[in-house]
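A quick write-up on the structure given underneath.
Number of protein chains: 2
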Amino acid sequence: MGLSKATKELILKFQWEDFLSERTSRMKSSVIRELLKLTERPEIISFAGGLPAPDFFPIREFQEACNHILQTEGQMALQYSSTEGYRPLRQFLSDKMSKYSINVEPENIMMVNGSQQGLDLVGKLFINPFDCVLSSRPTYVGAIQAWNAYQANFCTVPLDADGMCVEEIPLLIEAGHKPKLVYVLPNFHNPAGTTLSLERRKRLVEIARQYDLIILEDDPYGELRFEGEDITPIFRLAPERTIYMSTFSKTLAPGIRLAWVVAPKPLIQRMIQAKQGADLHTGTFVQMIANDICQRGFLRRHVKDLISAYRERRNVMLDALTEHWPEGSSWTNPQGGLFLWAETPEEINTSDFFKKAIAANVAYVPGIAFYPNEEGGHNSMRLNFSYANPETINEGIYRLGHALKEAIAGK
Amino acid sequence: MGLSKATKELILKFQWEDFLSERTSRMKSSVIRELLKLTERPEIISFAGGLPAPDFFPIREFQEACNHILQTEGQMALQYSSTEGYRPLRQFLSDKMSKYSINVEPENIMMVNGSQQGLDLVGKLFINPFDCVLSSRPTYVGAIQAWNAYQANFCTVPLDADGMCVEEIPLLIEAGHKPKLVYVLPNFHNPAGTTLSLERRKRLVEIARQYDLIILEDDPYGELRFEGEDITPIFRLAPERTIYMSTFSKTLAPGIRLAWVVAPKPLIQRMIQAKQGADLHTGTFVQMIANDICQRGFLRRHVKDLISAYRERRNVMLDALTEHWPEGSSWTNPQGGLFLWAETPEEINTSDFFKKAIAANVAYVPGIAFYPNEEGGHNSMRLNFSYANPETINEGIYRLGHALKEAIAGK
């Protein structure tokens, strides 16, 4: 093209970076998602992702549902639909949640594109730049990512075997922190695998009422309980100030991106406004398919199968850790979900050790990725036990243990 | 429950509104989406929505694709996948765009959940509170909604038969406005139906280079051209500073929520970061289905059918307007797309007249909804001609014309 010299200079001078908003300074790619790329090599045993076992995906049920929906309601399934989501599915979910004594109506529920969108919309609705979000340390990396984009500040309390140490929240507040929102993963915490005890849930609610905090209860794994009894959801203890989220990603399939948010009706109206601007609505087609599968009563049977498979995989991982890992290591004992949290002896830095693990063809996520202010976890890692089969889990944990022992001996 | 009096008071005192972020003060429900609810009554002839004709949805092709994908790659289709999107589909799109001489690679493309998500992510990446976005008046209501959530200010230039009056942009800037981003709907503008001439595209690029602006080229309807020649996309004229978006919503189906963003690679990397935090990725299943349908060469044939159907519907609407509407009315003559823009005689206020239209069982969108600063359009409306069949279009335009004449006579 016959561009003038001046125009050519204007083109060369152009820099996207000059136009970016202030919030982009806090946005970065998730370490996990970058690692996942590394671990796509087929020879790698990956404990890194949070992937459900693909061999349990209900492919036949999806096929039946697709055919049924397209044959009987194809025009509706392919058309635009409402922002709040497909009403029969929201009705199904409100009925289902009564199992947990969460008595809500379809108007309390909005469908989203995976829980991650729920986190994003909560950020959009509540977080001003530099607002304080209170979370456990470690916490879910996707929440860190979602709320960094709204320039949140995180203040954190530690975790122990009973989950988030909620008793430390008043201490933080008395010390001058002003949290607005408490982010809680009550069941089979990602990444820690721990469950928040009933006593602590009650205490958290007391604290939230005393200091006027709102609570986000993120519960993607609650249905995948291997043993013990369900614990009362926080939403039930403090329905006035709690937003509850769950998902089909771990029970049906993540590739349809389908989750839901539960909240008081006036807040759902605000959520709908936020979602309209964000993407108009969640896919009609995938909502109708999920509803078709659910209405056949498939979900309950399927979750039972998943529980027994994942329980076995967790057991194999725990046994392998006991057998193969060096003295001075420790790990959590999750009663459900997809993850456990392991700590190596102090002298190991799991970010540095990652290269050695990859050399042994095993992958995990270094603990530091789950610390919002990168203030800990140097000798910890998240291990996923849902994706690999039992034999592979044993082999992978053996290899990691062997490499850890070598690294320690080499020091 | 045995709550103390003090606790009961804390619960009663709680107000979600106290916790909302500042940006929510600018968020409201789209007038269009609220109207759409009104117009769901089956007896209403609706020109209000932007709905494709459901009788043309390729239901059989969807069924074949669902079966094929689930049978051959079911485990992949239901699993998590990459944020940027399914590579074979991005390859297909980069090949397809070469038709428009947009020479891009799959790495220049990111899949999104409908163009609305593209608008949201552009807002997230570029708009600081009170940053100025330059658009036409009227402009797409979804862009207003997406960017109000980032507290954008809009400054606007008028439209005429050749599209956005770009020559007014330098005047606005010289008068002290400092736009950062120019939002352009080059082909068959929503809501106006007009197409930006090549001359104006070139002039816009000159202006953008001179004043260092970035351009968002939103092109959902470009393929639905009824007559005349394709006009060079702005992306081709100023690839260094243009973001291009298009969608499957108007060619395949909106219910799968599938669109794409095209931009220079470093910006796509930023987009990927923003999308990771927003919803991890676009559904694997719908991407693989769309790809399967596209790879069979179906899209090109299907678009031809849509063009001939929508051309007929536009013609019927134009003829009906000429025949039935009162003197002093005018309308645009779109060369493609889904909408035309009609102006009634000055004395009609289309927001007030809406009730009379609904009483006559016809719906449209009042023009004011498309004015970011609500500074005009009182006697205008957007009319959709893709959804209703030709007979219904004629009947609806007749009824509107009749009601308009009555309203004018009644004054």
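So the protein lines, in turn, are chains A and B.
First residue of the first sequence: 1, per the working numbering; consecutive thereafter.
First residue of the second sequence: 1001, per the working numbering; consecutive thereafter.
C-beta: ideal position from N, C-alpha, C; glycine also.
| request: Identify the continuous alpha helix (DSSP H) that holds Ser115/A and give its terminal residues. | output: According to the DSSP assignment, Ser115/A belongs to the alpha helix (DSSP H) that extends over 115 to 126.
| request: Specify, as a first and last residue, the run of the alpha helix (DSSP H) that Pro390/A falls within. | output: For Pro390/A, the enclosing alpha helix (DSSP H) covers residues 390 to 410.
| If we count the other Cβ atoms within 10 Å of its Cβ and call it buried at 16 or more, is Phe1057/B buried or exposed? | Counting the other CB atoms within 10 Å of its CB gives Phe1057/B a total of 16 or more, which places it among the buried residues.
| Expressed to the nearest angstrom, what Euclidean distance is found between the alpha-carbon atoms of Leu318/A and Pro158/A? | Rounded to whole angstroms, Leu318/A to Pro158/A spans 23 Å at the Cα level.
| query | Does the separation of the CB atoms of Pro106/A and Arg87/A fall below 8 Å? | reply | Pro106/A places its beta carbon less than 8 Å from that of Arg87/A.
| request: For the alpha helix (DSSP H) holding Phe226/A, just list the boundary residues, first then last. | output: Counting along the chain, Phe226/A sits inside no alpha helix (DSSP H), nor does DSSP assign it H or E at all.
| field | Residues of the segment 114 to 132 of chain A with Cβ closer than 7 Å to any Cβ of chain B, in chain order | value | Listed by position, the residues of the segment 114 to 132 of chain A near chain B (Cβ gap below 7 Å) are Gly114, Gln116, Gln117, Asp120, Lys124, Leu125, Phe126, Ile127, Asn128.
| Can you name the start and end residues of the alpha helix (DSSP H) that Cys66/A belongs to? | Looking at the DSSP string, the run of the alpha helix (DSSP H) that includes Cys66/A is 59 to 77.
| For Ser81/A, which residues in chain B fall below 8 Å Cβ to Cβ? | Within chain B, the residues near Ser81/A are Gly1255.
| request: Counting only the same chain and skipping the five closest in sequence on each side, list residues whose C-beta sits under 6 Å from that of Val1362/B. | output: Exclusion of the five residues before and after Val1362/B leaves Ile1045, Gly1396, Arg1399, Leu1400 as the residues of its chain whose Cβ lies within less than 6 Å of its Cβ.
| said: Can you tell me whether Ile1135/B is helix, strand or coil according to DSSP? | reply: The amino acid at residue 1135/B is misidentified as Ile; the sequence shows Ser. Three-state result, Ser1135/B: strand.
| query | Got a sec, what are the start and stop residues for the beta strand (DSSP E) Leu181/A sits in? | reply | Counting along the chain, the beta strand (DSSP E) containing Leu181/A begins and ends at 179 to 184.
| request: Could you tell me whether the Cβ of Glu22/A comes closer than 8 Å to any Cβ of chain B? | output: Judged by the 8 Å Cβ criterion, Glu22/A is in contact with chain B.
| request: Tell me whether Leu134/A is buried or exposed, calling it buried when 16 or more other Cβ atoms sit within 10 Å of its Cβ. | output: Flag for Leu134/A reads buried.
| query | So Asn1373/B and Phe1235/B are in contact, right, with Cβ under 8 Å, and what is the actual spacing, rounded? | reply | The C-beta separation of Asn1373/B from Phe1235/B comes to about 28 Å, leaving the pair out of contact by the 8 Å criterion.
| Contacts of Phe1019/B in chain A (Cβ-Cβ under 7 Å) | Neighbours of Phe1019/B on chain A, chain order: Phe126, Lys180, Ile214.
| request: Using a Cβ cut-off of 9 Å, pull out every chain B residue sitting near Ile59/A, in sequence order please. | output: Ordered by position in chain B, the residues that pass the 9 Å Cβ test against Ile59/A are Leu1070, Gln1071, Gly1074, Gln1075, Ala1077, Leu1078.
| request: Scan the segment 346 to 387 of chain A and note each continuous alpha helix (DSSP H) run of 4 residues or more that stays entirely inside, going in chain order. | output: Runs of the alpha helix (DSSP H) inside the segment 346 to 387 of chain A: 350 to 359.
| task | Starting from the beta carbon of Ile1368/B, find every residue of chain A whose beta carbon is closer than 7 Å, and list them in chain order. | result | Chain A residues near Ile1368/B: none, gap ~18 Å exceeds 7 Å.
| query | In chain B, which residues lie less than 9 Å from Lys202/A when you measure between Cβ atoms? | reply | Under the 9 Å cutoff, chain B gives no residues; its nearest Cβ is about 11 Å from Lys202/A.
| message | Does chain B have any CB closer than 8 Å to the CB of Ala274/A? | response | Yes, Ala274/A lies at the interface with chain B (some Cβ there is under 8 Å from its Cβ).
| query | Looking at the structure shown, is Thr284/A part of a helix, part of a strand, or coil, going by DSSP? | reply | For Thr284/A, the secondary structure class from DSSP, reduced to helix, strand or coil, is helix.
| query | Using 8 Å as the limit for Cβ to Cβ distance, is Phe1062/B near chain A? | reply | Taking 8 Å as the CB threshold, Phe1062/B lines the interface with chain A.
| request: Determine the chain B residues that contact Cys294/A at a beta-carbon separation under 8 Å, and present them in chain order. | output: In chain order: nothing, as chain B lies at least about 15 Å away.
| request: Check the Cβ of Met27/A against every Cβ in chain B and list those closer than 8 Å, keeping chain order. | output: For Met27/A, the neighbours in chain B by C-beta distance under 8 Å run, in chain order, Arg1270, Gln1273, Ala1274, Gly1277.
| said: Counting only beta-carbon separations shorter than 8 Å, does Phe154/A have a partner in chain B? | reply: Not an interface residue.
| said: Looking at the secondary structure, which residues open and close the alpha helix (DSSP H) in which Tyr1310/B lies? | reply: In the DSSP annotation of this structure, the continuous segment of the alpha helix (DSSP H) that includes Tyr1310/B starts and ends at 1298 to 1324.
| query | Exposed or buried, Asp1055/B, counting other C-beta atoms within 10 Å across all chains shown (16 or more means buried)? | reply | A residue is called buried when at least 16 other Cβ atoms come within 10 angstroms of its Cβ; Asp1055/B does not meet this threshold and is exposed.
| request: With a threshold of 16 other CB atoms inside 10 Å of the CB of Arg1314/B, please say whether the residue is buried or exposed. | output: In the assembly as shown, Arg1314/B is a buried residue. Its beta-carbon has 16 or more other beta-carbons within 10 Å.
| query | Over what stretch of residues does the beta strand (DSSP E) that includes Ala1342/B continue unbroken? | reply | Note, Ala1342/B: beta strand (DSSP E), 1339 to 1343.
| message | Does the CB of Arg225/A have a neighbour CB from chain B at under 8 Å? | response | Between Arg225/A and chain B, the shortest Cβ-Cβ separation is not below 8 Å.
| message | Let me make sure I understand the geometry here. Which of Phe248/A, Glu217/A, Pro254/A has the alpha-carbon closest to that of Ala238/A? | response | For the residues Phe248/A, Glu217/A, Pro254/A, the minimum Cα distance to Ala238/A belongs to Glu217/A.
| request: Within the same chain, show all residues whose beta-carbon is closer than 6 Å to that of Ile1293/B, passing over the 5 residues directly before and after it, in chain order. | output: Excluding the 5 residues flanking it on each side, Ile1293/B has same chain C-beta neighbours closer than 6 Å at Glu1061, Ala1065, in chain order.
| request: Below 8 Å CB to CB, which residues in the same chain sit around Leu121/A once its five sequence neighbours on both sides are set aside? | output: The answer, listed in chain order, is Val112, Val261, Met271, Ala274, Lys275, Ala278.
| request: Kindly give me the distance between the Cβ atoms of Leu213/A and Lys250/A, rounded to whole angstroms, as I take these residues to be in contact under 8 Å. | output: 27 Å between Cβ atoms; not a contact.
| Does the beta-carbon distance from Ser1351/B to Pro1334/B come in below 8 Å? | Not in contact: Ser1351/B and Pro1334/B (Cβ atoms no closer than 8 Å).
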